[in-house]
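The opening position of the sequence shown corresponds to residue -15 in the numbering used here, with each subsequent residue numbered one higher.
All C-beta atoms, glycine included, are put in the ideal place defined by N, C-alpha and C.
Here the structure is a predicted model, which means the values were calculated and not measured.
Following: one structure in structure tokens, then a few remarks.
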Amino acid sequence: MNKKGFIFDLDGVIVDTAKYHFLAWKKLANDIGIDFTETQNEELKGVSRVKSLEKILSWGNKELTQDEFMKLMAKKNNDYLHHISQMDENEILPDVPQKINYLKEKKQPVALGSASKNARVILQKVNLIQYFNAIVDGNDVVKAKPDPEVFLNAAKAIEIPPERCVVFEDSVAGIQAAKKAAMMAIGIGDKEVLFEADFVFKSFEDITTEFIEQIIEN
Ligand code: B16
Ligand code: MG
């Protein structure tokens, strides 16, 4: 039987936590006198927490001591965790559970490959954690996307060679990471933004089971 490895990004693919990241980063930026827009928030998708704060500070031309930097990171995360604590299954993006169920029925290994250090908490909140054969998140990697480390570690964890892995991603950095790992990259979002992906769909609702079947078979 054919086996492929299916690696899911979390934020923007399984759940829309970008809105909570936005609220938490906006509050923090405004508190230190920096403007923060939804357009800037787009640039933080798939980017690690440290890199996100570095970007915000550079947009505001602000420099901080290491100690202040660490304090702001903790503050942002506390705020973000507060938003997450209210999450439940209703926040899973359309058709995600159906697609994961289909892959499980077909005995395909499923992994998570996320930059977030809060990935496990979120998967528990939305009650999906039990479907994953492996979880690789921001706590398990040294290099952030677009480095392929997170996806290579996920492939290793499910014991599938990278060339037989398929990544679902919503961010440019994540698509680049998947391609660097020699994996098939499926973008979830806008074709114009995710043009480096092998395929792009607006949402999982647009992915047919025939399409997934073909990936498994080829
Ligand atoms: P945390 P993903 C990424 O998750 C988010 O897209 C990005 O906006 C966030 O800064 C990053 O996780 C780190 O998240 O602060 O929770 O560790 O899209 O790779 O699942
Ligand atoms: Mg994402």
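In this structure, ligand 1 has a non-hydrogen atom nearer than 6 Å to the beta-carbon of D(-5). Collapsing the DSSP output to three states places V177 in coil. I76 sits in a strand when the DSSP states are folded into three classes. For E153, the three-state secondary structure derived from DSSP is strand. CA-CA distance, T192 to K88, rounds to 16 Å. Not one heavy atom of ligand 1 falls within 6 Å of the beta-carbon of R148. Look at L136 here: in three-state DSSP terms it is helix. Take the alpha-carbon of P146 and the one of G17: they are about 44 Å apart.
For F116, no pairing in a beta bridge is given by DSSP.
Per DSSP, reduced to three states, the secondary structure at V110 is coil, with no helix or strand assignment. The count of Cβ pairs closer than 8 Å, one atom from the stretch 67 to 87 and one from the stretch 19 to 35, stays below three, leaving the stretches out of contact. DSSP places A128 in the coil class of the three-state scheme, outside both helix and strand. In this structure, the C-beta of S32 stays at least 6 Å away from each heavy atom of ligand 2. Below 8 Å, enough C-beta pairs join the stretch 95 to 102 and the stretch -12 to -5 to call them touching: three or more.
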